[in-house]
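Numbering (the working numbering), first residue to last: 57 to 468. For glycine and all other residues, C-beta sits at the position ideal for the given N, C-alpha and C.
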């Protein structure tokens with residue numbers, strides 16, 4: 057390799073390291089767990105998940121060291137990634153390559169080192185998992201194999217983060233940037249992605265008589281779900297503009313079935329058109345089942361849901377339903393992330409109908425749930441309704457994407 061090639065390779069390596077977005081991040085249990093496990097398995101005092109930056113080593117997780125930063129010059133981890141293989145030094149003081157190394161003659165007075173490279177998704181070597189001792193040690197083939205397995209575990213965690221970031225970018229790209237122009241109505245929506253990015257999305261578009269709306273959820277996580285969601289969005293937007301909504305949804309089902317079968321997934325979807333003049337909503341529910349109308353008199357009407365999800369039963373017909381929105385009524389459609397969140401907060405089955413705004417459930421979050429229910433009922437418009445529902449997620453771990461769409465017919 058020429059000097060130019062080496063510089064290009066190092067530049068690419070540093071770019072890959074930056075793209076991971078891990079440098080100088082806060083500690084995470086999923087990485088700390090690996091270092092503790094390695095410490096026990098190998099019986100060493102020191103373990104580190106080390107990322108090699110331009111002029112420093114930065115430790116994402118470590119035990120037995122004073123801090124997360126050390127110089128790169130002379131670093132055993134730098135030698136490991138340059139060699140692109142497991143590096144084992146059983147006695148550094150007796151090894152001519154390392155006897156005068158600053159990490160050997162000075163702190164931490166290293167005598168034993170074993171490290172395995174960690175690669176970014178593009179194959180660039182960005183760091184190591186290493187085990188260290190201040191006395192010489194033997195390290196056999198079984199130890200090497202175990203160290204490699206642990207390093208690949210760390211590598212998988214880092215690469216999974218990159219996939220989630222990419223999937224998140226795809227997911228955000230599915231969301232409309234501006235609300236539809238729909239006289240006499242207000243629209244508010246939000247998708248709060250969980251760490252395990254999946255395929256939740258909402259969408260809307262103009263139609264001849266008003267507007268069309270979709271809330272959908274691709275079962276699955278990561279990039280594959282996000283890519284399928286992009287296809288589903290295009291197919292369902294076409295369905296909204298079809299002369300027959302039910303036929304349009306069935307056509308979307310036919311179009312998506314092959315892709316869904318290949319990734320072992322399916323899509324739940326709620327698709328609707330609204331007539332701007334009459335306030336009549338025509339909808340097809342494909343296995344979603346999470347749409348309700350909040351009436352001006354305080355009542356809640358759960359909308360019918362009798363259709364199969366997309367990709368489950370090719371050729372299945374789905375019924376068209378209608379519901380009338382009167383001035384002041386609000387149509388609320390959510391994803392199952394809200395159901396999961398309510399269940400985590402103690403609501404039986406995650407059923408929002410069991411949350412009474414006046415009587416708190418006998419669970420720790422009962423008063424909070426009742427308060428949110430009151431805020432939803434009293435919300436003056438679609439935006440306030442959305443904000444009240446999103447308040448459920450404040451300070452609470454959201455394990456699944458949380459998507460909410462609110463359509464309000466404005467009171468005269």
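- Of the candidates 122, 434, 222, 381, the residue whose Cα lies closest to the Cα of residue 359 is 381.
- For residue 244, the closest of 441, 198, 448, 457 by C-alpha to C-alpha distance is 441.
- Counting only the Cα atoms, residue 271 lies some 11 Å from residue 255.
- The beta carbon of residue 119 sits closer than 6 Å to the beta carbons of 91, 95, 103 from its chain, once the five residues preceding and following it are set aside; these are given in chain order.
- Residue state for residue 259 is assigned as strand, using DSSP reduced to three classes.
- Runs of the beta strand (DSSP E) spanning 3 or more residues and lying entirely within the segment 178-245 occur at 181-189, in chain order.
- By the 16-neighbour rule on beta-carbons within 10 angstroms, residue 191 is exposed.
- Just so you know, the alpha carbons of residue 298 and residue 307 end up roughly 10 Å apart.
- For residue 335, DSSP assigns no beta-bridge partner whatsoever.
- Taking 4 residues as the shortest admissible run, the segment 259-336 contains the following complete alpha helix (DSSP H) segments, listed from N- to C-terminal end: 278-296, 301-319.
- Assignment of beta strand (DSSP E) within the segment 110-144, counting only whole runs of 3 or more residues, yields 112-119, 125-127 in chain order.
- Taking each of 316, 310, 292 in turn and checking the Cα distance to residue 276, the smallest one comes out for 316.
- Between the C-alpha atoms of residue 187 and residue 429 there is a straight-line separation of about 53 Å.
- Straight across, the Cα-Cα distance linking residue 289 with residue 283 is about 10 Å.
- Collapsing the DSSP output to three states places residue 78 in coil.
- Classified as exposed, residue 419 has fewer than 16 neighbouring CB atoms from the shown chains inside 10 Å of its CB.
- Looking at the backbone, the Cα of residue 384 and that of residue 293 are separated by about 27 Å.
- Using a Cβ distance threshold of 7 Å, residue 295 and residue 257 do not count as a contacting pair.
- Residue environment analysis places residue 161 among the exposed positions, since fewer than 16 neighbouring C-beta atoms fall within 10 angstroms of its C-beta.
- A distance of 7 Å or more separates the beta carbons of residue 350 and residue 394.
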